[in-house]
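Colleague: Here it is, the structure in full.
There are 2 protein chains.
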Amino acid sequence: MTPTHIVSIYDEELKYLTRRISEMGGTAEQMVGDSVRALVNTDMALAQKVISEDVILDTAERQINEKAIVTIAKRQPMAADLREIMGAIRIAADLERVGDLGKNTAKRVIAVQGSSIPRNLARGLEHLAELALMQLKEVLDVYASRNIEKAKEIRERDDEIDAIYTSLFRELLTYMMEDPRNITPCTHLLFCAKNIERIGDHATNIAETIFYMATGSQPEGERPKDDHTTSVGAIEE
Amino acid sequence: MTPTHIVSIYDEELKYLTRRISEMGGTAEQMVGDSVRALVNTDMALAQKVISEDVILDTAERQINEKAIVTIAKRQPMAADLREIMGAIRIAADLERVGDLGKNTAKRVIAVQGSSIPRNLARGLEHLAELALMQLKEVLDVYASRNIEKAKEIRERDDEIDAIYTSLFRELLTYMMEDPRNITPCTHLLFCAKNIERIGDHATNIAETIFYMATGSQPEGERPKDDHTTSVGAIEE
């Protein structure tokens with residue numbers, strides 16, 4: 067009976083990683099949503115909450131890494147299982163970064179305080195955040211379901227986020243040109259928009275990692291990413 | 067004689083990882099240096115060179131990951147050796163990001179084209195880049211030497227970069243307020259300054275990874291990072 071016994075402990079360890087990643091995903095989503103709500107409502111208390119929550123993701127990432135390394139050392143997994151563990155490490159790193167981006171947006175709430183954000187700008191930021199969060203949510207669902215076709219789809223769908231980011235970028239520049247008093251707050255909003263746009267990149271990274279976990283290779287073809295907007299300013303990394 | 071033989075092949079594999087990381091470091095440094103030179107001299111050809119070099123780091127990171135995973139699967143390393151391999155994966159990811167930041171700066175050269183960058187702004191950007199590159203170079207030396215005390219020192223020394231970034235941020239806002247025609251190019255320079263500042267963060271990450279590789283734990287104490295500048299706008303992640 068020993069092999070079964072070992073396998074089931076091993077499964078427990080993999081399940082631990084999967085569960086912790088899902089938890090991290092939930093926390094990251096919450097932080098990003100809250101940070102944008104804090105920003106458009108200048109809600110300092112909510113911003114402070116987001117800032118204080120960052121440590122949850124830092125701790126979770128460290129614990130996932132530790133568990134992953136202990137599991138590798140003890141179980142000496144091969145091929146698919148090893149990829150599963152390495153993938154968990156990568157996804158945890160992406161989710162930790164998503165939390166950092168939420169925290170950075172939250173920190174900027176204090177800097178835009180006192181300058182009211184025009185309604186359509188706020189709506190633009192909210193819309194950008196909705197799309198980025200939807201992408202993050204879908205990719206976390208794919209992590210649970212391991213639907214590889216879906217993972218490829220998400221990877222090919224960053225375009226909408228980029229288009230909205232570009233239009234927000236233009237709009238923010240316009241506000242800055244209209245009145246020099248808008249320059250400082252709009253600069254912070256530019257960075258916030260960039261933070262949100264980068265969440266889409268992390269969702270794409272996670273989709274690639276899930277593809278790799280399932281197949282052992284990277285998705286084919288260049289990652290769809292380009293800047294049709296160099297002249298106006300919304301430039302991808 | 068077999069154990070010695072196995073150990074020496076294993077050493078070769080670890081050496082391969084160390085060598086490829088050093089190469090990645092060299093490429094990343096070069097790309098960042100070139101991107102800032104391209105920016106301050108509006109040198110489109112050099113910018114294009116940086117953009118085209120990004121694939122070198124992407125490929126190197128993928129190869130390092132593959133080698134690392136094959137090594138783990140074949141050699142089933144314990145403790146220190148496993149940390150060595152996991153550390154290589156993490157450092158490769160940081161260096162790949164540094165290359166992305168250089169590429170992003172290079173992409174913005176086209177956007178600031180036509181607007182001459184005031185001499186003292188250019189000097190500020192160059193100075194920021196020098197400091198960030200020095201930090202990156204030192205951390206890569208520490209990776210080669212494994213001088214742990216030095217790794218801790220680098221981690222505690224991001225402050226100078228932050229101070230220069232903050233002063234550049236203020237200066238850029240001033241230019242934008244002086245003349246609305248400065249707004250678009252200065253916005254790009256803001257993102258370039260942020261890119262360079264983030265290289266310092268990646269150097270700090272690498273220093274932490276080296277510490278972890280040597281000791282199996284994270285350096286103690288909160289990572290020195292804070293924003294005394296929320297009101298002016300230079301905000302850390």
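Which chain is which? The protein sequence lines are A and B, in order. Counting from 67, one number per residue, gives the positions in the first sequence under the numbering used here. Counting from 67, one number per residue, gives the positions in the second sequence under the numbering used here. Backbone N, C-alpha and C define an ideal beta-carbon position, used for all residues, glycine too. The model shown is predicted, which means the values in this text are computed figures rather than measured ones.
Taking only beta-carbon positions, decide if B/M110 is within less than 8 Å of chain A.
Modeller: As a first step, residue 110 of chain B must be located in the second sequence, where it is residue number 44. Output row for B/M110: interface = no.
Colleague: Under three-state DSSP, which class holds A/M110?
Modeller: Start at 1 with the first residue of the first sequence, and residue 110 of chain A comes out as number 44. Note: A/M110 maps to helix in three-state DSSP.
Colleague: What residues of chain B sit near A/A145, judged by a beta carbon separation below 8 Å?
Modeller: Indexing the first sequence from 1 puts residue 145 of chain A at position 79. Simply A139.
Colleague: Measuring CA to CA, which of A/E226, A/I276, A/T171, A/D124 is closest to A/A104?
Modeller: As a working note, residue 104 of chain A is residue 38 in the first sequence. The shortest Cα separation from A/A104 among A/E226, A/I276, A/T171, A/D124 belongs to A/T171.
Colleague: Taking the straight line between their C-alpha atoms, what separation do you get for A/E162 and A/M110?
Modeller: Along the first sequence, one-based indexing puts residue 162 of chain A at 96. Along the first sequence, one-based indexing puts residue 110 of chain A at 44. Going by the C-alpha atoms only, they are around 22 Å apart.
Colleague: So B/K191 and B/A259 are in contact, right, with Cβ under 8 Å, and what is the actual spacing, rounded?
Modeller: Here the question's residue 191 of chain B lines up with position 125 in the second sequence. Here the question's residue 259 of chain B lines up with position 193 in the second sequence. Reading off the sequence shown, one finds Leu at residue 191 of chain B, where the question assumed Lys. Contact holds; Cβ gap of about 6 Å.
Colleague: Taking only beta-carbon atoms, is A/R264 less than 8 Å away from chain B?
Modeller: Position 198 of the first sequence, counted from the start, is the residue given in the question as residue 264 of chain A. Chain B, which has no Cβ nearer than 8 Å to the Cβ of A/R264, makes this no.
Colleague: Kindly say whether B/T93, judged by its beta-carbon, lies nearer than 8 Å to any beta-carbon of chain A.
Modeller: As a first step, residue 93 of chain B must be located in the second sequence, where it is residue number 27. No - not a single Cβ of chain A is within 8 Å of the one on B/T93.
Colleague: Less than 8 Å between the C-beta atoms of B/L167 and B/R264, yes or no?
Modeller: If you number the second sequence from 1, residue 167 of chain B lands on position 101. If you number the second sequence from 1, residue 264 of chain B lands on position 198. Cβ atoms of B/L167 and B/R264: closer than 8 Å.
Colleague: Within 10 angstroms of its Cβ, does B/I151 collect 16 or more other Cβ (buried), or is it exposed?
Modeller: The residue labelled residue 151 of chain B in the question sits at position 85 within the second sequence. Burial call: buried.
Colleague: Please go through the same chain and pick out, in chain order, the residues whose beta-carbon is closer than 8 Å to the beta-carbon of A/Y209, but skip the five residues on each side of it.
Modeller: Position 143 of the first sequence, counted from the first residue, corresponds to residue 209 of chain A. Result list for A/Y209: T84, I87, S88, G91, I157, I272, I276, in chain order.
Colleague: Once DSSP output is grouped into helix, strand and coil, what is the label at A/D224?
Modeller: As a first step, residue 224 of chain A is located in the first sequence; it is residue number 158 there, counting from the start. DSSP places A/D224 in coil when its eight states are reduced to three.
Colleague: Using a Cβ-Cβ cutoff of 9 Å, what residues of the segment 148-165 of chain A are near chain B? List them in chain order.
Modeller: Within the segment 148-165 of chain A, the residues whose Cβ lies closer than 9 Å to some Cβ of chain B are L148, R149, M152, I155, R156, A159, R163, listed in chain order.
Colleague: Output, in chain order, the set of chain B residues within a Cβ distance shorter than 8 Å of A/I276.
Modeller: Here residue 276 of chain A is taken as the residue at index 210 of the first sequence, counted from 1. The premise fails here: A/I276 is roughly 15 Å from chain B at the closest Cβ pair, so nothing lies under 8 Å.
Colleague: So, are the CB atoms of B/Q201 and B/I214 less than 8 Å apart?
Modeller: Translated into the one-based positions of the second sequence, residue 201 of chain B becomes position 135. Translated into the one-based positions of the second sequence, residue 214 of chain B becomes position 148. No. Outside cutoff.
Colleague: I'd like the span of the alpha helix (DSSP H) that includes B/G190, first residue to last.
Modeller: Within the second sequence, residue 190 of chain B is the residue found at index 124, counting from 1. Run containing B/G190: 185-211, per the alpha helix (DSSP H) assignment.
Colleague: Buried or exposed: B/R149, going by 16 or more other Cβ atoms within 10 Å of its Cβ?
Modeller: Within the second sequence, residue 149 of chain B is the residue found at index 83, counting from 1. By the neighbour-count rule (16 or more Cβ atoms within 10 Å), B/R149 is buried.
Colleague: Identify whether B/I129 lies in helix, strand or coil by the three-state DSSP scheme.
Modeller: Residue numbering aside, residue 129 of chain B sits at position 63 when the second sequence is read from its first letter. Correcting the residue identity first, residue 129 of chain B is Gln in this sequence and not Ile. B/Q129: helix per DSSP, three-state reduction.
Colleague: Beta carbon of A/S308, beta carbon of A/V121: below 8 Å?
Modeller: Outside the shown range of chain A (67 to 303) lies residue 308 of chain A, about which nothing can therefore be said.
Colleague: Is it buried or exposed for B/M279, if we count other Cβ within 10 angstroms and need 16 for buried?
Modeller: As a position in the second sequence, residue 279 of chain B is number 213, starting the count at 1. Answer is buried; the Cβ neighbour count reaches 16.
Colleague: Leaving out five residues on either side along the sequence, give the residues of the same chain with a beta carbon under 8 Å from the beta carbon of A/K133.
Modeller: Counted from its first residue, the first sequence places residue 133 of chain A at position 67. Only E79, Y82, L83, R86 meet the Cβ criterion.
Colleague: Compute the Euclidean distance between the alpha carbons of B/L238 and A/A126, then round it to the nearest angstrom.
Modeller: For this step, residue 238 of chain B is matched to residue 172 along the second sequence. For this step, residue 126 of chain A is matched to residue 60 along the first sequence. The straight-line gap from Cα to Cα measures roughly 38 Å.
Colleague: Short of 9 Å Cβ to Cβ, which residues in the segment 118-135 of chain B face chain A?
Modeller: Under the 9 Å Cβ criterion, the segment 118-135 of chain B contributes R128, N131, A134, I135.
Colleague: Would you please state the rounded distance, in angstroms, between the beta carbons of A/R174 and A/F257? I believe it to be under 8 Å.
Modeller: Within the first sequence, residue 174 of chain A is the residue found at index 108, counting from 1. Within the first sequence, residue 257 of chain A is the residue found at index 191, counting from 1. Between A/F257 and A/R174 the Cβ distance is about 6 Å, and since that is below 8 Å, they are a contact.
Colleague: What does B/Q142 reach in chain A if we use C-beta pairs closer than 7 Å?
Modeller: For the purposes of this step, residue 142 of chain B is identified with residue 76 of the second sequence, where counting begins at 1. Within chain A, the residues near B/Q142 are Q142.
Colleague: Buried or exposed: B/E244, going by 16 or more other Cβ atoms within 10 Å of its Cβ?
Modeller: Within the second sequence, residue 244 of chain B is the residue found at index 178, counting from 1. The residue is exposed, with fewer than 16 neighbouring Cβ atoms inside 10 Å.
Colleague: For a quick check, are the C-beta atoms of A/Y241 and A/L194 less than 8 Å apart?
Modeller: For the purposes of this step, residue 241 of chain A is taken as the residue at position 175 of the first sequence. For the purposes of this step, residue 194 of chain A is taken as the residue at position 128 of the first sequence. No. Outside cutoff.
Colleague: Do B/R128 and B/Y76 have their CB atoms nearer than 8 Å?
Modeller: To locate residue 128 of chain B, count along the second sequence from 1; it is residue 62. To locate residue 76 of chain B, count along the second sequence from 1; it is residue 10. No. Outside cutoff.
Colleague: Assuming A/V178 and A/L255 form a contact by the criterion Cβ under 8 Å, report the distance between their Cβ atoms to the nearest whole angstrom.
Modeller: Residue mapping note: residue 178 of chain A aligns to position 112 of the first sequence, counting from 1. Residue mapping note: residue 255 of chain A aligns to position 189 of the first sequence, counting from 1. Contact flag correct, Cβ pair sits at about 7 Å.
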